Amino acid sequence: MSELTERAQKLDAVDELGGKRAEFVLDEVVYLDGNSLGALPAAVPGRVEDVVRRQWGELRIRSWEESGWWTAPERIGDRIAPLVGAAPGQVVVGDSTSVNVFKALVGAVRLAGEGRDELLVDATTFPTDGYIAESAARLTGCTLRPVSPAEVPGALGERTAAVLLNHVDYRTGRLHDLPGLTAAVREAGAIAVWDLCHSAGALPVGLDEHGVDLAVGCTYKYLNGGPGSPAYLYVRREVQDRFDSPLPGWNSHAEPFGMRSDFEAAPGALRGRVGTPDILSMLALEAALEVWDGVSVEAVRAKSLALTDFFLECVAAHVPEGRVECVTPVAHEERGSQIALRCDDAGDVMKRLIERGVVGDFRAPDVLRFGFTPLYVGFADVERAARVLAQTLA
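For the sequence shown, my numbering gives the first residue as 4, with consecutive numbering after it.
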């Protein structure tokens, strides 16, 4: 047994989150792609069966009230709220991340008010965010200006309406300065919109603490909600009465069953709803979130950093020098919960890794991406992944 293997076993033995692994459906594969799709929580299949067979099959339309379907978007939003540092009543679940980005961006321009006609967008953002930002700019008559997150403070001006930023870069795993950038945007009189897809469930976010006005995120990555599970929208309490969604629907109406021809927005974060909720995936997500019972985000963050530190150590020990290059920042304050390694023939290398039982993913043109989900990834998984990577590269 190697020294690193022995260390991994000792670290797993004292891991305070180690017991959570039993709450997921896992096999012998080392699954390091939870930053794209989280593993299946064991409680979900039974819950979904109940929703389909009893709630839909037997109660049918009565389930909107008797099974709590109607209140699911805000109820599940309150379940997510502590994971992003928000008090209850500010998060609503529904629609996709893309749809929520659109709501938030157009809503942000409307909040910013007259005389502000420029949108700043993270130039390295996930492509869809960029597409949505461009459409939102055209719709609102704004000029779209792509800048890197580091350039945002210097790019802000009296005409800036809103800034769309990613908390964690999806390619490199770089963690951006949410507190500092939010403060700069607010000081300039603009609205910060944060995309939390690669941070929620992996590290503390602190939306309330840091004065974020609007944020969006998906639930199928670190929150393990399942493929295509609904996203969420955060609307800070102080701006809720002024948040003007560009997608008013009957579900966001103050009197949804009044069937009035004029629109009156519902109070609070509910105005972020649009149409009929996707109940099957919504309630699967609710069941998945039960794995967070008794878990602190701070403990998750501590383990995440320990896992990624150990992975980098194991890669340095096992992989021949010069074969891979880490593009994820080493500093803890700049790192999310993934490690991205630049590698020649990265696409083929990842295919061979998956064949050998280590699942990560490939990002063009040359990046191997490994996501570390602290609730079910252990230190032995990390050491094995680095060892198999070295064997694959050899």
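For each residue, glycine too, the CB sits at the ideal point set by N, CA and C. Since this is a predicted model, take the numbers as computed values, not measurements.
- If you look at Gly350, you'll find it in the alpha helix (DSSP H) that goes Ala349 to Glu358.
- Sequence-distant Cβ neighbours of His256 in its own chain, meaning closer than 7 angstroms and more than five residues away, are Phe266, Glu267 and Ala269.
- Judged by beta-carbon spacing, Glu212 lies within the 8 angstroms limit of Gly88, meaning their Cβ atoms are closer than that value.
- If you ignore the 5 residues before and after Pro149, its C-beta comes within less than 7 angstroms of the C-beta of Val124 and Ala126, all in its own chain and listed in chain order.
- For Thr146, the beta-bridge partners assigned by DSSP are Glu121.
- Collapsing the DSSP output to three states places Tyr134 in a helix.
- Judged by DSSP secondary structure, Phe105 falls within the alpha helix (DSSP H) whose first and last residues are Thr100 to Ala115.
- According to DSSP, Phe373 shares a beta bridge with Ile342.
- The residue among Arg338, Leu344, Trp72 and Gln93 with its C-alpha nearest the C-alpha of Asn169 is Arg338.
- Lys354 is classed as exposed because its beta carbon has fewer than 16 other beta carbons within 10 Å across all chains shown.
- In the structure shown, Ala234 falls within a coil segment according to DSSP collapsed to helix, strand and coil.
- For the 8 angstroms CB-CB criterion, Val318 and Ala389 form a contact.
- Listed in chain order, the beta strand (DSSP E) elements of length 3 or more contained wholly in the segment 152 to 190 are 163 to 169.
- When DSSP assignments are scanned along the segment 35 to 112, the uninterrupted stretches of alpha helix (DSSP H) that are 4 or more residues long and fall wholly within it turn out to be 47 to 53, 66 to 69 and 75 to 83.
- Pairing Leu236 with Asn103 gives a Cβ-Cβ distance under 8 angstroms.
- Take the alpha-carbon of Ala397 and the one of Leu178: they are about 32 angstroms apart.
- The segment 224 to 232 and the segment 244 to 263 do not touch, with fewer than three beta-carbon pairs separated by less than 8 angstroms.
- Between the segment 277 to 286 and the segment 302 to 309 there are fewer than three inter-stretch CB-CB distances shorter than 8 angstroms, so the stretches are not counted as touching.
- The residues Leu86, Val87, Gly220, Tyr225 and Leu226, in chain order, have a CB closer than 7 angstroms to that of Ala203 in the same chain once the five nearest residues on each side in sequence are set aside.
- By the criterion of a C-beta distance shorter than 8 angstroms, Gly21 is surrounded in its chain by Asp15 and Gly381, once the five residues flanking it on both sides are discounted.
- DSSP, reduced to helix, strand and coil, places Val361 within a strand of the structure shown.
- Going by C-alpha positions, Gly157 is about 28 angstroms away from Ala343.
- When DSSP states are grouped into helix, strand and coil, Gly228 belongs to the coil group.
- Rounded to the nearest whole angstrom, the C-alpha separation of Thr185 and Glu117 is 21 angstroms.
- Taking the Cα positions, Glu190 is about 19 angstroms away from Ala107.
- Of the residues Glu137, Pro368, Ala272 and Gly325, the one whose Cα lies closest to the Cα of Glu121 is Glu137.
- Residue environment: Pro377 is assigned as buried (16 or more neighbouring CB atoms within 10 Å of its CB, all protein chains considered).
- Between the alpha carbons of Val155 and Arg24 lies a gap of roughly 40 angstroms.
- Note on geometry: alpha-carbon atoms of Arg274 and Phe246 lie some 8 angstroms from one another.
- Excluding five sequence positions before and after Arg326, the CB atoms of its chain that fall closer than 6 angstroms to its own CB belong to Leu396, given in chain order.
- Annotation: Gln12 to Ser5 spans about 11 angstroms, alpha carbon to alpha carbon.
- DSSP, read as helix, strand or coil, puts Glu9 in helix.
- If you ignore the 5 residues before and after Pro323, its C-beta comes within less than 8 angstroms of the C-beta of Ala393, Leu396 and Ala397, all in its own chain and listed in chain order.
- Counting the other Cβ atoms within 10 Å of the Cβ of Asp198 gives 16 or more, which makes it buried.
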